[in-house]
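Each residue of the sequence shown is one higher than the one before, starting from 1 at the first, in full-length UniProt numbering.
Ideal placement from N, C-alpha and C gives every residue a C-beta, glycine not left out.
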Amino acid sequence: MNGCMKSEFSRSVGWSVAVMSAMVAAVYFLVSTPVASQEEDATEGDRHAHEMTDVWDIARGGELYDNWMAVMEVDAPEGTHPAYPAAGKQEGPGTWRCKECHGWDYMGVEGGYSKGSHYTGIKGVRGVAGMEPEKIHDIIMNKTHAFTKEMMPHSAMEKLALFLSRGQIDVDQYIDRKTKAARGNAGRGAGFYQNICAVCHGFDGKTMNFGDDAAPEFVGTVAADNPWEALHKIRFGQPGVGMVALGVLPIQDLVDILAYAQTLPTE
Numbered sequence: 001m002n003g004c005m006k007s008e009f010s011r012s013v014g015w016s017v018a019v020m021s022a023m024v025a026a027v028y029f030l031v032s033t034p035v036a037s038q039e040e041d042a043t044e045g046d047r048h049a050h051e052m053t054d055v056w057d058i059a060r061g062g063e064l065y066d067n068w069m070a071v072m073e074v075d076a077p078e079g080t081h082p083a084y085p086a087a088g089k090q091e092g093p094g095t096w097r098c099k100e101c102h103g104w105d106y107m108g109v110e111g112g113y114s115k116g117s118h119y120t121g122i123k124g125v126r127g128v129a130g131m132e133p134e135k136i137h138d139i140i141m142n143k144t145h146a147f148t149k150e151m152m153p154h155s156a157m158e159k160l161a162l163f164l165s166r167g168q169i170d171v172d173q174y175i176d177r178k179t180k181a182a183r184g185n186a187g188r189g190a191g192f193y194q195n196i197c198a199v200c201h202g203f204d205g206k207t208m209n210f211g212d213d214a215a216p217e218f219v220g221t222v223a224a225d226n227p228w229e230a231l232h233k234i235r236f237g238q239p240g241v242g243m244v245a246l247g248v249l250p251i252q253d254l255v256d257i258l259a260y261a262q263t264l265p266t267e
């Protein structure tokens, strides 16, 4: 056997020994690991498999912020919210929605609701971002907000507080305040929209009319006119209907979807 053949043979034997050693070690590990320990690991996984995640709770809280009455399928409180200012131009059940005073951009009087038909002069909720949910829960349940346990149960309040603490974003990073243009890549957003959103909304965004025949409103309409609302609903879904909440995806992916939605027909 010449030197070259000896070298190849040695390498082959070496690899075989290494592989066999690894297999023996693996078998030893499996055999030496107590069965009870393996069962405990499996049980631990099973125990948590069906528990609701914080991601879901935050998404649910985002829907509650939008319209808690629709989420829980309950009758709206009678009359206008007692804390709704007289200077405001809205009235009735809609004034009980969190977004009605604090805005789709969470900035209240300092944001999109600084003027117009939704102006109230009330501050936003950005100040509670990062606050302990328990403290936020106490704020929600104060006299000003006028909620009762009958209106919104504790479990729902917890989700709303979790959203306010951990679900808010600085929307000015993603939407130009003056032009309303999304700071995203429409070409990249097309792939997400066409494979997810178009299932219900259609490729042109016109399958669903959120308005009426006289004043139609489509995906493109909302994305162009109120991109803050559109982004909120992309992240958390539409209350009371089976819309997927995409907040589990990276925020830039969702901004890309918004950028693409702004290219769709508005009428």
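Which residues DSSP lists as bridging residue i, in chain order
| i | result |
| --- | --- |
| Ile175 | Ala182 |
| Lys115 | Answer by DSSP bridge pairing: none, since Lys115 is not bridged. |
| Gly108 | Lys123 |
First and last residue of the uninterrupted alpha helix (DSSP H) at residue i
| i | result |
| --- | --- |
| Gln252 | Ile251 to Ala261 |
| Ala198 | Ala198 to His201 |
| Asp138 | Pro133 to Ile140 |
| Lys159 | His154 to Arg166 |
| Ala87 | Looking at the DSSP string, Ala87 is not in any alpha helix (DSSP H), and its letter there is neither H nor E. |
| Leu64 | Asp54 to Met72 |
| Leu231 | Pro227 to Phe236 |
| His102 | Cys98 to His102 |
Beta-carbon proximity check, residue i vs residue j, cutoff 8 angstroms
| i | j | result |
| --- | --- | --- |
| Gln90 | Gly184 | no |
| Ser155 | Pro133 | no |
| Phe218 | Pro265 | yes |
| Glu200 | Ile257 | One detail in the question is off: residue 200 reads as Cys in this sequence, not Glu. Going by C-beta atoms, Cys200 is not nearer than 8 angstroms to Ile257. |
| residue 285 | Gly88 | Past the boundaries of the shown model lies residue 285; the chain is included only from 1 to 267, so the question cannot be answered. |
| Gly94 | Trp104 | no |
| residue 315 | Ala223 | Outside the displayed range of the chain (1 to 267) lies residue 315, so it cannot be described from this structure. |
| Met141 | Met131 | no |
| Arg122 | His145 | The sequence shown places Ile at residue 122, rather than the Arg named in the question. Taking 8 angstroms as the Cβ cut-off, Ile122 and His145 do not qualify as a contacting pair. |
| Gln168 | Tyr106 | yes |
| Leu64 | Leu160 | yes |
| residue 268 | Gly205 | In this structure the chain extends from 1 to 267, so residue 268 is not present and cannot be described. |
| Ala59 | Gly247 | yes |
| Gly127 | Glu110 | no |
| Trp228 | Ile175 | yes |
| Gly61 | Phe147 | no |
| Ala182 | Val255 | yes |
| Asn209 | Pro216 | yes |
| Met152 | Pro77 | no |
beta-carbon residue i near the ligand NAP non-hydrogen atom, thresh 7 angstroms
| i | result |
| --- | --- |
| Gly94 | The ligand NAP is absent from the structure shown, which contains no ligand whatsoever. |
>> Any contact between the segment 62 to 73 and the segment 235 to 243? By contact I mean 3 or more CB pairs, one from each, below 8 angstroms.
In response: Yes, since at least three Cβ pairs between the segment 62 to 73 and the segment 235 to 243 fall closer than 8 angstroms, the two stretches touch.
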